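These notes concern the structure reproduced below.
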Amino acid sequence: MPTRVVIPALKVNAVVLPIKAPGGTLIPPSDPQELGWWAAGARPGAARGSALVTGHTVHTGGGALDDLETLHRGDRVRVKTSHGWIAYDVQRVHVYSKGSVADHAQRLFSQKVPGRLVLITCEDWDGSRYLSNAVVTAVPAV
0 MPTRVVIPAL
10 KVNAVVLPIK
20 APGGTLIPPS
30 DPQELGWWAA
40 GARPGAARGS
50 ALVTGHTVHT
60 GGGALDDLET
70 LHRGDRVRVK
80 TSHGWIAYDV
90 QRVHVYSKGS
100 VADHAQRLFS
110 QKVPGRLVLI
120 TCEDWDGSRY
130 LSNAVVTAVP
140 AV
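Numbering (numbering that gives the first Met the number 0), first residue to last: 0 to 141.
Written out as structure tokens, the structure reads:
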């Protein structure tokens, strides 16, 4: 099980807690500095499946995944597990409107793909709500 995620490019060093997805919706931990790992999906380091990690963006700052959408291909993400550290390299960064995330969910969150890490958070604050989700896909570093 993952216990910490470090994203040097964003100066993120966050605790990870297991979470569920009631009704198909990932609910991150209430503390905006903590991240949630979907415990029903793949574990980081698994040969197959998407290890899903989510966290809050806070429009005034202070969320663990603030600025997730600013990552670039090749940026490093490190995940600590009981077996040590696993390094991932960002492969893709995409921002989806809230209404379109469900259309891409089967591909984004697949458990049938080679092992990877998927980070997701809210994006595009309009003054009252978030309009989009930033999704980062990262593959094991070689």
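The beta carbon of each residue, even a glycine, is placed where N, CA and C say it ideally should be. The structure presented is a predicted model; accordingly, all values stated were derived computationally and were not measured.
In the DSSP assignment, residue 90 falls within the beta strand (DSSP E) that extends over 83 to 96. Separation of the CB atoms of residue 52 and residue 73 is rounded to 19 Å, and the pair is thereby denied contact status at 8 Å.
Distance from residue 63 to residue 17 at the Cβ level is roughly 16 Å; contact not present, criterion being Cβ atoms closer than 8 Å. Fully contained in the segment 15 to 89 is no alpha helix (DSSP H) run of length 4 or more.
The Cβ atoms of residue 107 and residue 117 lie closer than 8 Å to each other. The C-beta of residue 26 has fewer than 16 other C-beta atoms within 10 Å across all chains shown, which makes the residue exposed. At a Cβ-Cβ threshold of 8 Å, residue 1 and residue 11 do not count as neighbours.
Only buried fits residue 65, as 16 or more other CB atoms lie within 10 angstroms of its CB. One thing to note: residue 85 has its Cβ within 8 Å of the Cβ of residue 43.
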